[in-house]
Each structure stands twice: as structure tokens, then as C-alpha cells.
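Okay, so the sequence shown: first residue is 1 according to the UniProt record's numbering, each after it adds one. Just so you know, even glycine gets a beta-carbon here, dropped at the ideal spot from N, CA and C.
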Amino acid sequence: MKQLALPFLELAQLYSAEDFCPAPSNAAAREWLARPEAWSNGRLVLWGEAGCGKTHLLHVWAQTHGARVIEGAALRGLVRPLGPVAVDDADLAPEPTALLHLLNAAAEAGVPVLLAARQPPIRMGYKLADLTSRLRASASVEIRAPEDELLEALLTRLAAARQLSLPLPVQNLLLLYLPRAPAYYREAIARLDRLAMDRGVRITRAMAAEILEEMAEEA
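This is the structure:
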């Protein structure tokens, strides 16, 4: 069995504010996001490895501030922001000049820009000197990998909300194969609940494997 790939849920489900789990690993980022007025030159870079939660936080911030979300890999040409902007995978822009123009236009318009990337500004690797200068002049904060305890607590909380009892083998299987994104835990628990009710039985490891296969086929 392979770990599920992202995503098969809608973005609104996948990155909802209620599904985000505060933890020590993302505390510094949450503090920065709460104070856009403190961002250097109106920009903040969230950086960290895949699965750390930076994209989730970026979308939550965008929803809260009515920001336009742009995928870095799709950033081309001239983009003139009319309001706050959030750029995910900002280190993957195929046209560095497009990212530079966006940052300059946002600065001229006085609107904040939130960027998410795997690397900090100093290591993004862009060769365009002006872009590198803008990025390094931005505030930046690292998000560390989510703690295993955080994901375990989330799983327990979701099960308890439905008054479900999850045997340890079931918990271990879900923790092993589900993507490290809260919405997938919510979906898995909902499916297990329905399956157990339909069959009138307790949740088993075999049932967990069954719903994981279903979710994998839909990915």
C-alpha cells in the first residue's frame, strides 16, 4: 500500500482554518502571520520541508485576508495585484522576472505578499539579482515538520468527536499511510464511521485498509 497522494479534496476542505492544528513547530509562523504590518517591506516568506504545513497556513491566511493565491509554477508575465497576494511554491517560478514584477507591483500598491517555499530566501537559487535582493529583504520564518504527537492527537480528537474507538493497529495504519494534512484525517475518520455503521461492527484494521484503498483510487 502506498501513501496517498495530495490532493483529492477541494482546496476549501483541504486547507480550512478549523483543520489547522497549532503546534510548537508552527508557532513562530502563526505569530508572524498575525502581524502583516510587521513584515519587512510588506513581505513574508514561510519556508520548510514538504508536509510542514506552510501551504495550509498560506491558504488560511489568504482566506482570512481575501488574498489571491498564485501557484509559483504557474507565475508568468505581468501580474498586477489589486489586493493581498499569496504565492505558493515561490521558489519554483519558471519566469523569475514575473515574480520580481509581482513583488514590485505589490510594493507600489502597498499590499502584502505572503510567499511559501521549501528554502529560505537566501537559498532559493534565483540568478536574477534584483529578485534575490527583494526576497532577502523580506521577513522569513521557518516551519518545522509537524510533530507525530500532533497528528496522533488530531486522530484521537476526530474519533472522539464521533464517539469512535480506534484500536492501536488502526491508528498506526492511518498515521503511516495518510498524507500529513488534517483534512485527510477528517475524511478517513468520516469514512470509517460510515462503514462501521453500515456493517454494524467495530472498526478494524482491515476496514481502515479498505478505506485507504478507496481514497487512493480517488487521488
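Beta bridge pairing from DSSP links A116 with L46.
Of the residues V69, E31, P36, N41, the one whose Cα lies closest to the Cα of S138 is N41. By the CB criterion at 9 angstroms, V87 and L78 fall outside the cutoff. Under the three-state reduction of DSSP, I211 is assigned to helix.
Contact annotation: the stretch 115-128 touches the stretch 35-52, with at least three C-beta pairs closer than 8 angstroms.
Between I211 and R191, the C-beta gap is smaller than 9 angstroms, which places the two residues in contact.
Secondary structure note for A86: its beta strand (DSSP E) is the uninterrupted segment 85-88. Annotation for V170: the continuous alpha helix (DSSP H) segment containing it runs 168-177. The alpha-carbon separation between I203 and D193 amounts to approximately 8 angstroms.
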